[in-house]
Amino acid sequence: MAESSQQHIDIHVEFSGGAELLFDKVKEHEVKLSHDNNPWTIRKLLVWIKENLLKERPELFVQEDTVRPGILILVNDADWELVGELEYEIQNKDRIIFISTLHGG
Amino acid sequence: MAESSQQHIDIHVEFSGGAELLFDKVKEHEVKLSHDNNPWTIRKLLVWIKENLLKERPELFVQEDTVRPGILILVNDADWELVGELEYEIQNKDRIIFISTLHGG
Amino acid sequence: DKRKVNELCNKDIRRYSRQLILPEIGVKGQLALINSSVLLVGAGGLGCPSAIYLAAAGVGHIGVVDYDEIELDNLHRQVLHTEERLGKSKCKSVADSIHCADICQRIFSSHKDNVATRYLLNDACVLAGKPLVSASALRFEGQLTVYNHEGGPCYRCLFPRPPPPETVTNCSDGGVLGVVPGIMGNLQALEAIKIITGLKASYVQKLLLYDGLYGSFRSIKLRARKKDCSVCGETPTVTGLIDYESFCGAGPSDKCMLLHIL
Amino acid sequence: DKRKVNELCNKDIRRYSRQLILPEIGVKGQLALINSSVLLVGAGGLGCPSAIYLAAAGVGHIGVVDYDEIELDNLHRQVLHTEERLGKSKCKSVADSIHCADICQRIFSSHKDNVATRYLLNDACVLAGKPLVSASALRFEGQLTVYNHEGGPCYRCLFPRPPPPETVTNCSDGGVLGVVPGIMGNLQALEAIKIITGLKASYVQKLLLYDGLYGSFRSIKLRARKKDCSVCGETPTVTGLIDYESFCGAGPSDKCMLLHIL
Ligand SMILES: [Zn+2]
Ligand SMILES: [Zn+2]
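Here it is, written out as structure tokens:
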């Protein structure tokens, strides 16, 4: 793809349903991922988020190498299960959303 | 623009809020407008709709050379007033929506 | 009874605790709600749910304007009214249910034409400098916008000329699924609550279109306030209330519109 | 009282006339509503508005399950309950307000953990072949989806493992603006009405995300039913109800979830 000539990929990362509380209550993040020879997978993004965006209590966001149960990941408004989950290769301009399921009413 | 080399432009036309009742209750229409040397403006589209899509009582849709009062026109989800109203030049893939304002509750 | 409340009593603190702990509301927001006044125009399918949730949120002064009496075919959507109250005033029914002020005067000469009422209320709000949270519902569809607030348009900016009377379909003719005005009335109440508590209203210069048949919500960008608007523009020609009946022409009758003036 | 109604009486025709004239509903849809049964699990912020609009639409049999008593801090969102009924059963309060069946048994051993309840209800619906209209609301946000219907996923397809108990925030801790569950509960009622009347449900294999602070609605495409799901898959391991408390672990208590089983 054309991105290989770029220095980085730009993606939109969003947290909702309470997941944003672990990120200083900031819901929307514009993220620049510097390009190296290995593709940016969701697996790799989770590590990056944990090291760069997460403000507190990492165990409430990631467990082992994936998100903790109860968080849904969306890639461009579709369930990540439809695109390969952890192995999905992130493209420039992708919108990745982490939704904590609400329990309340 | 690139469209000049094409034979037609494809647009999406939609009616809602009751305006669809004048169009056999069909809300969404995929429309092919054959390309000639004059640009397709909203003004020209209204004449085309009246001649090709409208099923009944044209006076409830157009009056003089514009839509009748109470109908809002949207171009790509924005009020047509923001893009030039009758003189707006329709582009390939545009979404043009006609909304009749509801009175009820 | 319009004295300003400056602090929450213990009972209020308990009653509203679940919304008080929201940082966006807090004590300041709750006090704003308690000291606020909302006028509901129409105690029908939109007015009933709005009244319920505005009262539940603690809005201190709710006025209701409606001249209609309760009929059996109202009950599928006008959920504050009951079979026992058939034939009674809708206004009184709302007032009895939520303990709001009962302003049931026939304040509009043209109360049976909702296009005329819409222009009247728009002009009244512009002249009084109040926002207008306007919604409507018909069949499975709903529309909502906030007029005359923070640089957004008023009703006349969007619709300088009234629609021909024969194009206005009302709930009696077109039908409406009851829960659709329920959803729209709740969304109106939330817009009003946000305006009262100083939060940003979501539908200023935007029109929300809801289609319940498809579960689709779409938000449309509207024009800004028009400089040449006859009531909110720079050189208005409408500087007081006019004869709205003759402005709009005679039309079909239906009065299920609802508007809030804050 | 579960005899099937085959025709509308004159009073029904008048009462429901505004929705009867909708071609999508009609006499057939109204009869389906009158002959339908809906179970509301939870008579709180979501259950109250759902109950109101399902009853108003003519749903013939509404069951309510709730073991809680009415508290003052419920009233800002649980709009069928009143100050006069403080300390009384929520179930009974709903039943008294809308004349529904009062099924107030404590049917869940783990009634205080709503994650466990969610798995229990999911499994019960899958085993009984019933759709589940599920919603939740917290702070200014709401979520809604339909499980186990027309090839869409069940709750376990999406969440094979329960969330750690410490990650579950409830209304008591997180707060909620009352009209947000009002909006979500109304949307639930509309989904249920569409399923009952044979219209296409809008949120099968879709998740509606609502953020009331921004007025934004977003619809997300979910996975289909999973072949390897432990309850709705091809070789299920869950073939009867299990011990949900030990499956989910001890957790924070809150019971303001609502679900419909049709
Ligand atoms: Zn204006
Ligand atoms: Zn499943």
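Residue numbers (my numbering), protein chains in the order written: chain F, 16 to 120; chain P, 16 to 120; chain G, 3 to 264; chain V, 3 to 264. For glycine and all other residues, C-beta sits at the position ideal for the given N, C-alpha and C. Quick caveat: nothing in here was measured; it's all calculated off a predicted structure.
Residue i Cβ short of 7 Å to ligand 2 heavy atom set
{"i": "V:R120", "result": "no"}
{"i": "V:K196", "result": "no"}
{"i": "V:S166", "result": "Inspection of the sequence shows that residue 166 of chain V is occupied by Pro rather than by Ser. No, since every heavy atom of ligand 2 falls outside the 7 Å radius drawn around the Cβ of V:P166."}
{"i": "G:R20", "result": "no"}
{"i": "V:C159", "result": "yes"}
{"i": "V:R163", "result": "no"}
{"i": "G:R16", "result": "no"}
Spatial distance of residue i from residue j (CA atoms)
{"i": "F:A17", "j": "F:E102", "result": "Note that F:A17 scores 47 on pLDDT, short of 50, meaning its location in the model is unreliable; the coordinates nonetheless yield the value given after this. Using only the alpha carbons, I get a separation of about 20 Å."}
{"i": "V:G177", "j": "V:L56", "result": "26 Å"}
{"i": "G:R158", "j": "G:N124", "result": "8 Å"}
{"i": "G:A34", "j": "G:S19", "result": "15 Å"}
{"i": "V:G154", "j": "G:E9", "result": "50 Å"}
{"i": "P:R125", "j": "V:Q190", "result": "The shown model of chain P, from 16 to 120, leaves out residue 125 of chain P, and the question about it has no answer."}
{"i": "P:E104", "j": "P:I24", "result": "12 Å"}
{"i": "G:H63", "j": "G:V40", "result": "6 Å"}
{"i": "P:V28", "j": "F:I88", "result": "34 Å"}
{"i": "V:V181", "j": "F:N53", "result": "47 Å"}
{"i": "V:G251", "j": "V:D245", "result": "10 Å"}
{"i": "V:E86", "j": "V:I72", "result": "10 Å"}
{"i": "V:C50", "j": "V:G44", "result": "9 Å"}
{"i": "P:P84", "j": "G:P166", "result": "7 Å"}
{"i": "G:L42", "j": "P:K70", "result": "39 Å"}
{"i": "V:Y149", "j": "F:I26", "result": "31 Å"}
{"i": "G:V128", "j": "F:Q106", "result": "49 Å"}
{"i": "G:K6", "j": "G:G60", "result": "14 Å"}
{"i": "V:D213", "j": "G:R120", "result": "29 Å"}
{"i": "V:H151", "j": "P:S115", "result": "34 Å"}
{"i": "G:I15", "j": "V:L74", "result": "10 Å"}
{"i": "F:A93", "j": "V:L122", "result": "27 Å"}
{"i": "V:S99", "j": "F:I86", "result": "37 Å"}
{"i": "V:L210", "j": "G:H83", "result": "31 Å"}
{"i": "G:V275", "j": "V:N188", "result": "Because chain G spans 3 through 264 in this model, residue 275 of chain G falls outside it and cannot be assessed."}
{"i": "P:G33", "j": "F:I57", "result": "45 Å"}
{"i": "G:S136", "j": "F:N91", "result": "33 Å"}
Buried or exposed (CB count within 10 angstroms, at least 16 for buried), residue i
{"i": "G:C11", "result": "exposed"}
{"i": "F:F30", "result": "buried"}
{"i": "V:Y216", "result": "exposed"}
{"i": "P:I112", "result": "buried"}
{"i": "V:A130", "result": "exposed"}
{"i": "G:L179", "result": "buried"}
{"i": "V:K13", "result": "exposed"}
{"i": "G:S112", "result": "Residue confidence for G:S112 is low, a pLDDT of 33 falling below 50, so the modelled location carries little weight and cannot support an answer."}
{"i": "G:N76", "result": "buried"}
{"i": "F:E74", "result": "exposed"}
{"i": "G:C106", "result": "Here G:C106 scores only 46 on pLDDT, less than 50, and its place in the model should not be relied on; the value that follows carries that caveat. Looking at its Cβ environment, which holds 16 or more other Cβ atoms inside 10 Å, G:C106 is buried."}
{"i": "V:S248", "result": "exposed"}
{"i": "F:S49", "result": "exposed"}
{"i": "F:Q22", "result": "exposed"}
{"i": "V:R141", "result": "buried"}
{"i": "V:G46", "result": "buried"}
{"i": "V:I109", "result": "Residue confidence for V:I109 is low, a pLDDT of 39 falling below 50, so the modelled location carries little weight; the figure read from the coordinates is stated next. Burial call: exposed."}
{"i": "G:T169", "result": "buried"}
{"i": "V:T147", "result": "buried"}
One or two residues paired with residue i in a DSSP bridge
{"i": "P:F113", "result": "P:F30, P:I88"}
{"i": "F:I24", "result": "F:L48"}
{"i": "V:T147", "result": "V:S136"}
{"i": "G:E86", "result": "Looking at the DSSP assignment, G:E86 forms no beta bridge with any residue, so it has no partner."}
{"i": "V:V206", "result": "V:V148"}
{"i": "P:A93", "result": "P:V90, G:K223"}
Residue i CB to nearest heavy atom of ligand 1 below 7 Å
{"i": "G:P344", "result": "Residue 344 of chain G lies beyond the residue range present for chain G, which begins at 3 and ends at 264; the question has no answer from this structure."}
{"i": "G:V233", "result": "yes"}
{"i": "G:K1", "result": "A question about residue 1 of chain G goes unanswered here, because the residues of chain G that appear run from 3 up to 264."}
Residue-level contact to chain A via CB, residue i, 8 Å cutoff
{"i": "F:E100", "result": "The structure shown contains no chain A; the protein chains it does contain are F, P, G and V."}
Original post:
With a cut-off of 8 Å, do at least 3 Cβ pairs link the segment 211 to 225 of chain G to the segment 82 to 95 of chain G?
Top reply: no
Subject >> the segment 12 to 31 of chain V touching the segment 155 to 173 of chain V, judged by at least three CB pairs closer than 8 Å >> reply: no
Original post:
Given 8 Å as the limit, is there contact between the segment 72 to 92 of chain P and the segment 50 to 64 of chain P, that is, 3 or more CB pairs closer than that?
Top reply: yes
Original post:
Does the pairing of the segment 61 to 78 of chain G with the segment 227 to 238 of chain G give three or more beta-carbon distances under 8 Å?
Top reply: The segment 61 to 78 of chain G and the segment 227 to 238 of chain G do not touch, with fewer than 3 CB-CB distances between them shorter than 8 Å.
Original post:
Taking contact to mean at least 3 C-beta pairs separated by less than 8 Å, is the segment 35 to 54 of chain P in contact with the segment 194 to 204 of chain V?
Top reply: The count of Cβ pairs closer than 8 Å, one atom from the segment 35 to 54 of chain P and one from the segment 194 to 204 of chain V, stays below three, leaving the stretches out of contact.
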